[in-house]
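Line by line, the protein sequences give chains A and B. With the first letter of the first sequence counted as 1, position 180 gets the number 488 in this note's numbering; the numbers rise by one all the way through. With the first letter of the second sequence counted as 1, position 111 gets the number 128 in this note's numbering; the numbers rise by one all the way through. All residues carry an ideal CB built from backbone N, CA and C; glycine is no exception. Nothing here was measured: the structure is a model prediction, and the numbers come from that model. The next block holds one structure in the form of C-alpha cells; read it before the comments.
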Amino acid sequence: MSPESSARPAAHTDKAFEADLREVREKILTMGGKVEDQIAKSMRSLTERDSELAEQVKEGDLEINRLEVDIDDLCRRTLALRQPAASDLRLITTALKIVTDLERIGDEAVNIAERAIELNQSPPLAPYVDLPRLADLAQNQVKKSLDAFVRADPETAEEVLGSDDQLDDLFVKIFNELLNFMMEDSRTIRRATSLVSICKYLERIGDHAMNVAEMVIYMVRGTDVRHPKSRTIPA
Amino acid sequence: MSAVASPAPAGTVESAPAPAPNKVEVENLNVWFGKNNAVKNATLAVKPNTVLAVIGPSGCGKSTFLRALNRMHDLVPTARVTGKVLVDGQDLYTREVDPVLLRRRVGMVFQRPNPFPTMSVEENVAAGLVLNGIRGDHHELVERSLRKAALWDEVKDRLNHAATSLSGGQQQRLSIARALAIEPEVLLMDEPASALDPIATAKIEELIHELKEHYTIIIVTHSMQQAARVSDQTAFFYMGELVEMGPTEQIFTNPKERRTEDYVTGKFG
C-alpha cells in the first residue's frame with residue numbers, strides 16, 4: 309500500500325451508498341447499546357428483586373427484534389441495489405450475521421428476566437456474589453466485541469476470543485456451588501435450577517459475543533478465524 | 018498446514034505434477050504514445066484455459082494493454098512498445114513474428130459488433146478464412162464457429178441474410194464466431210458486452226464460460242460485476258500501472274492494495 313493512497317480517507321463517490329453503509333453501522337450500534345442495556349437491567353431485576361424491571365426487559369426485547377428486521381432489510385437492499393465489494397461486502401455480510409447474535413443475546417436477557425420473576429417470588433437462596441461477576445464478564449465481552457466493531461479493531465476482538473475461558477471457569481464454579489445447595493437441601497432445587505439456567509444464559513451471551521468478535525476480525529482482515537479445527541477435515 | 022504438507026505414505030509417492038505453463042506472459046510491457054506512457058511496466062501471466070478480466074477506470078491503460086497483446090499498436094505512428102509479450106513462450110514483438118499470422122493465434126473481439134455490412138452471415142464468419150487464404154470447404158467451419166459462439170440455432174436458416182439484419186447481441190456473437198473461425202488460441206475481448214442489453218450480455222458471459230474450455234481469454238470490461246462473473250483472475254490497472262492482480266474472488270472480497278479497494282468499492286471520484 310503506497311503512503312499517498314493510505315493517507316486519504318476515501319469516501320464513496322455515490323453519496324447515497326455511503327449513507328446506506330453508515331446507516332447499517334449506526335443501527336448495529338443502536339441495537340448493540342440496547343442489548344447491553346437489556347442484560348444490565350435483567351441482572352438488576354434479579355439482584356434488586358425488581359420484577360417490574362424484569363417486565364420492562366421483556367417489553368424492551370420487541371425493539372431489539374424490530375432492529376434485527378430493519379438491519380436485515382437494509383443489508384438485503386444494499387446487496388441487491390449496490391452490489392457491494394471488498395470491505396463494503398465484508399461489512400454487510402458481517403452485519404447480517406452480527407444482528408442474529410445480538411438478537412439472541414437480547415433473548416437471553418429476556419430469559420434472565422423471566423427466571424428473575426420466578427426467583428423473586430421466593431426468599432433468596434444465598435447472597436448473589438459470583439453471579440453478578442459472571443454477568444459482568446459476559447457484559448464486558450459484549451461491550452468489547454461491539455467496541456471492536458465500531459472501531460474496526462481486530463485486536464480488541466482477539467481479546468474477546470481470549471477471555472472466554474474466564475467466563476467458562478466461573479460458570480463451572482457457580483454450577484458446583486449450586487449443586488451443593490441442591491444436594492444438601494432438596495427444597496432449594498427449584499431456585500437453584502433457575503440460577504443454573506441464568507448462568508447458562510450468561511455463558512451463551514459470552515458465546516454470542518465471541519461470534520461477533522470473530523466476524524469483526526473477518527470484516528477488518530478478510531480472514532475467517534472461525535472453527536480452526538474444522539479446516540483439517542477434507543471438504 | 019503441516020498436515021497437508023506431510024509426506025505421503027510409502028508406496029503412494031508420485032512426483033508432483035509440473036505447474037501448467039503459462040499461455041500468455043507479459044514482461045515489463047510499456048506502451049508509449051509520443052511522450053505519454055500509457056502502460057507502465059506491466060508484468061503478468063495467464064494460465065491456459067482461464068479468463069483474465071482487466072478492470073480500471075477510463076484512461077487507465079487497460080484497452081491499450083489489451084491491444085498490445087496482438088500488436089494492434091503497430092499501425093499507430095506515434096506508438097512505441099517495449100518489453101515482452103510471450104504466447105507459449107514465444108515473444109510476439111520479435112522481428113520474425115508476422116503480425117498477420119500472430120493475429121490468427123490471438124484473436125480480438127471489439128466493443129461494438131462490427132460485422133461487414135455488405136456480407137451475409139456466413140460470409141462474415143468465413144471472412145477471416147478468406148483473408149488469411151485458408152482454402153477448402155468453409156461451411157463446416159462456419160457451422161462449427163457459429164455453434165461455438167452459441168449463435169447457430171438462431172441463424173442456421175438465415176445464413177444468406179445480411180449480417181446487419183441480426184440483433185445487436187447476435188451481431189456481437191457473430192463477431193465472436195468470426196474471430197473463432199480462424200481458430201485462435203487466445204481470445205482478446207474489449208468490452209464485448211458494453212453495447213448489449215442484459216439478456217444479450219448474459220449470453221455473451223455464458224459463452225465466455227464455454228469458450229474457456231478451448232481458449233485462453235483476456236477481457237477488458239468497465240463492468241466490475243461482469244469481471245466478477247466471468248473471470249478466474251482479475252487485474253486492476255490505474256493510471257497505466259498494473260496495481261494488483263489476483264484470483265477474482267480475492268480482488269472483490271479482500272483486495273490487498275488500497276487503490277484496488279477504492280476502485281471496487283466505488284471510491285474513485
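Identified DSSP bridge partners for residue i
{"i": "I236 of chain B", "result": "B:A70 and B:M206"}
{"i": "P264 of chain B", "result": "B:Q250"}
{"i": "A96 of chain B", "result": "B:F50"}
{"i": "Y255 of chain B", "result": "B:E258"}
{"i": "M125 of chain B", "result": "B:L205"}
{"i": "L103 of chain B", "result": "B:E42 and B:D108"}
Cβ distance (whole Å) where residue i is taken to contact residue j below 8 Å
{"i": "I379 of chain A", "j": "A362 of chain A", "result": "Not really, about 26 Å apart at Cβ, beyond 8 Å."}
{"i": "K40 of chain B", "j": "V63 of chain B", "result": "6 Å"}
{"i": "H320 of chain A", "j": "K273 of chain B", "result": "Their Cβ separation, rounded to whole angstroms, is 20 Å, which puts H320 of chain A and K273 of chain B out of contact at 8 Å."}
Any C-beta of chain A under 8 Å from that of residue i
{"i": "E278 of chain B", "result": "yes"}
{"i": "Q242 of chain B", "result": "yes"}
{"i": "K101 of chain B", "result": "no"}
{"i": "N271 of chain B", "result": "yes"}
{"i": "K284 of chain B", "result": "yes"}
{"i": "V281 of chain B", "result": "yes"}
{"i": "E266 of chain B", "result": "no"}
{"i": "P26 of chain B", "result": "Low confidence applies here, because P26 of chain B scores a pLDDT of 47, under 50, leaving its location unreliable; read the following figure in that light. Chain A contact via Cβ: absent."}
Where the beta strand (DSSP E) containing residue i begins and where it ends
{"i": "L61 of chain B", "result": "N53 to V63"}
Test: residue i CB closer than 8 Å to a CB of chain B
{"i": "R412 of chain A", "result": "no"}
{"i": "R534 of chain A", "result": "no"}
{"i": "S538 of chain A", "result": "no"}
{"i": "L397 of chain A", "result": "yes"}
{"i": "D322 of chain A", "result": "yes"}
{"i": "F479 of chain A", "result": "no"}
{"i": "K335 of chain A", "result": "no"}
{"i": "Q391 of chain A", "result": "yes"}
{"i": "A319 of chain A", "result": "yes"}
{"i": "A403 of chain A", "result": "no"}
{"i": "G341 of chain A", "result": "no"}
{"i": "A388 of chain A", "result": "no"}
{"i": "F457 of chain A", "result": "no"}
{"i": "A465 of chain A", "result": "no"}
{"i": "A394 of chain A", "result": "yes"}
{"i": "F489 of chain A", "result": "no"}
{"i": "D514 of chain A", "result": "Looking at the sequence provided, one finds Gly at residue 514 of chain A rather than Asp. Cβ-Cβ to chain B under 8 Å: no for G514 of chain A."}
{"i": "D461 of chain A", "result": "no"}
{"i": "S313 of chain A", "result": "Residue placement at S313 of chain A is flagged as unreliable, the pLDDT there being 41, under the threshold of 50; a coordinate-derived value is accordingly withheld."}
Extent of the continuous alpha helix (DSSP H) to which residue i belongs
{"i": "E485 of chain A", "result": "D472 to E492"}
{"i": "A180 of chain B", "result": "First-last for A180 of chain B: undefined, no H or E at that position."}
{"i": "R122 of chain B", "result": "P116 to R122"}
{"i": "Y526 of chain A", "result": "I497 to R529"}
{"i": "C383 of chain A", "result": "S359 to R390"}
{"i": "Y436 of chain A", "result": "Run containing Y436 of chain A: none; DSSP gives neither H nor E here."}
{"i": "N428 of chain A", "result": "Where N428 of chain A is concerned, there is no enclosing alpha helix (DSSP H), given that its DSSP letter is neither H nor E."}
Distance, residue j Cα to residue i Cα
{"i": "G150 of chain B", "j": "R122 of chain B", "result": "15 Å"}
{"i": "R88 of chain B", "j": "G78 of chain B", "result": "15 Å"}
{"i": "G76 of chain B", "j": "R330 of chain A", "result": "31 Å"}
{"i": "V524 of chain A", "j": "P431 of chain A", "result": "43 Å"}
{"i": "R441 of chain A", "j": "G470 of chain A", "result": "18 Å"}
{"i": "G514 of chain A", "j": "I347 of chain A", "result": "12 Å"}
{"i": "L46 of chain B", "j": "N54 of chain B", "result": "11 Å"}
{"i": "S23 of chain B", "j": "E511 of chain A", "result": "Here S23 of chain B scores only 45 on pLDDT, less than 50, and its place in the model should not be relied on; the value that follows carries that caveat. Each residue's alpha carbon lies about 39 Å from the other."}
{"i": "V68 of chain B", "j": "Q250 of chain B", "result": "7 Å"}
{"i": "G185 of chain B", "j": "A210 of chain B", "result": "10 Å"}
{"i": "I233 of chain B", "j": "S395 of chain A", "result": "Before going further, note that residue 233 of chain B is Thr rather than Ile in the sequence given. Straight-line Cα distance between these residues: approximately 30 Å."}
{"i": "T355 of chain A", "j": "R384 of chain A", "result": "41 Å"}
{"i": "V343 of chain A", "j": "T464 of chain A", "result": "19 Å"}
{"i": "P38 of chain B", "j": "L146 of chain B", "result": "29 Å"}
{"i": "L433 of chain A", "j": "R498 of chain A", "result": "10 Å"}
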